[in-house]
Structure formats: structure tokens, C-alpha cells
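Let me begin by presenting the structure, written as C-alpha cells, before commenting on it.
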Amino acid sequence: LSLTTRPVLRKLLYALAERPAETLSKDDLTRAAWGQEYDPLRHDNPLFVNVSRLRQLLKDTGLSLDADNDRGGYRLTSRDQLVLRRPR
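Per the numbering used here, the very first residue in the sequence shown carries number 11; after that it's consecutive.
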């Protein structure tokens, strides 16, 4: 799975993968993707769209991106050990 041409998706995936099975808040993900503080009016839609795209890309990889409605964030889970390689 290559995300070299999709910087926002790549940043989201790395943020989630660095803390596997831990729920990251919308604020955490907004900071990771855009380097900004989370503002629901500004970031809810772009965050939702990018999380949906990331879910589609991960669909057949053994990874899943789950919403944590109680905490208002997302977490990445894997059937196997996760290994990410940053592009050079």
C-alpha cells in the first residue's frame, strides 16, 4: 500500500500506527494531518472524508480503522504485527 501521493492519508495512517489499538481523538488526528488545532466547523468534514478514504485503502490489508464513539476518535487495529516503512 503506497500513500506517497496522498500526504494527508499518510500522516493519518502514521499517527494511528504509532499508537496501535489506542483511540486517537479528532484533535490528535487534526494536528497530525494538518498541524492545526481541531475546530469542528472546519475539520469534521475533511477528517470524515479522509478517514473514509483510508478505510477503503486498508480494506484488504488486514488493518481496520474503527470509530470510537464513546471517546470521539478513531483507532487502528491489525490482525498481524504492523510494520510501516517511511518513504525516503
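C-beta atoms are modelled at their ideal positions from N, C-alpha and C, and glycine is treated no differently. Since the structure is predicted, the reported quantities are computational estimates derived from the model, not experimental observations.
- In the three-state reduction of the DSSP assignment, T14 falls in the coil class.
- Minimum Cα-Cα distance from S88 among the listed residues N79, D70, D80, P50 corresponds to D70.
- In this chain, the alpha helix (DSSP H) harbouring R63 covers 50-68.
- N79 counts as exposed, since fewer than 16 other beta carbons sit within 10 angstroms of its beta carbon.
- In this structure L39 does not touch A27 by the C-beta definition: roughly 12 Å separates them, more than the 8 Å allowed.
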